[in-house]
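Student:
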Amino acid sequence: MEVTVRCHECGSALPVTPSPGPVQIECGRCRESFILKFSDAVLEDRLVECCPVCRGGDFYLRKDFDPKVGVTIVVLGALISAGFYYFGLDLVAYGILAGATLVDLAIYRRLSDLTVCYRCFAEFRGDYERTAGPFELHTADLLEPEYERKIGKR
Ligand SMILES: [Zn+2]
Ligand SMILES: [Zn+2]
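With positions in the sequence shown counted from 1, the corresponding number in our numbering is that position plus 15.
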């Protein structure tokens, strides 16, 4: 499993490979340090049940998706189809546009889910079993302030 810790001071993403025992990492940008403690399930890439950063047990799933890639494909498709449209080949133009949208959808479908901690935004990538549900705003509204109070941000 690969864990990405979100620095609560400056927002930097800090990739960490889980290892047994408490691990101290330091943010490369603002020098804030974190003590991480990985549970057995996380170490073995079985399950994400306890967050190594904030010890929270509430997570949600989201697609591991870089929106820039999707947008590029649609924009490229639109440009090419505009070219065909210009030469009066409407059908070809529509076909390409539809094709680009389909490619986009296919990429989106093939993406794996990523588990995110509600409290500290740590991200978990790996082959573990997905047990978290989709993002729920009211849960985030409850848990985010709780963590921010804990680290003294509020
Ligand atoms: Zn930082
Ligand atoms: Zn957390």
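A virtual CB, placed ideally from N, CA and C, is assigned to each residue, including glycine.
1. Exposed or buried, residue 59, counting other C-beta atoms within 10 Å across all chains shown (16 or more means buried)?
2. Could you compute how far the alpha carbon of residue 159 sits from the alpha carbon of residue 138?
3. Who does residue 21 pair with in a DSSP beta bridge?
4. Within the present structure, is the beta-carbon of residue 163 separated from the nearest heavy atom of ligand 1 by less than 7 Å?
5. Would a C-beta distance cut-off of 8 Å place residue 68 and residue 135 closer than the cut-off?
6. Quick one: measure Cβ to Cβ for residue 78 and residue 123, integer angstroms, because I've assumed they're closer than 8 Å.
7. Quick check: what's the CA-CA separation for residue 89 versus residue 19?
8. Quick check on the DSSP output: what are the complete beta strand (DSSP E) runs of length 3 or more inside the segment 94 to 142, in order along the chain?
9. Once the 5 residues before and after residue 125 are set aside, which same chain residues still bring their CB inside 7 Å of it?
10. Would you mind stating whether residue 111 and residue 96 have Cβ atoms separated by less than 8 Å?
11. Considering Cα atoms alone, identify which of 75, 108, 144 is closest to residue 153.
12. Does the distance from the CB of residue 115 to the CB of residue 98 come in under 8 Å?
13. Which residues are close to ligand 2, meaning CB closer than 6 Å to any heavy atom, in chain order?
14. Looking at C-alpha atoms only, which residue of 63, 23, 54 is the closest neighbour of residue 48?
15. Measuring only the C-alpha atoms, how far is residue 50 from residue 35?
16. For residue 16 and residue 146, what's the separation of their Cα atoms in angstroms?
Tutor: On the basis of the coordinates in this document:
1. exposed
2. 15 Å
3. 28
4. no
5. yes
6. 7 Å
7. 29 Å
8. 128 to 132, 138 to 140
9. none
10. yes
11. 75
12. no
13. 66, 68, 69, 71, 132, 134, 135, 137
14. 23
15. 12 Å
16. 15 Å
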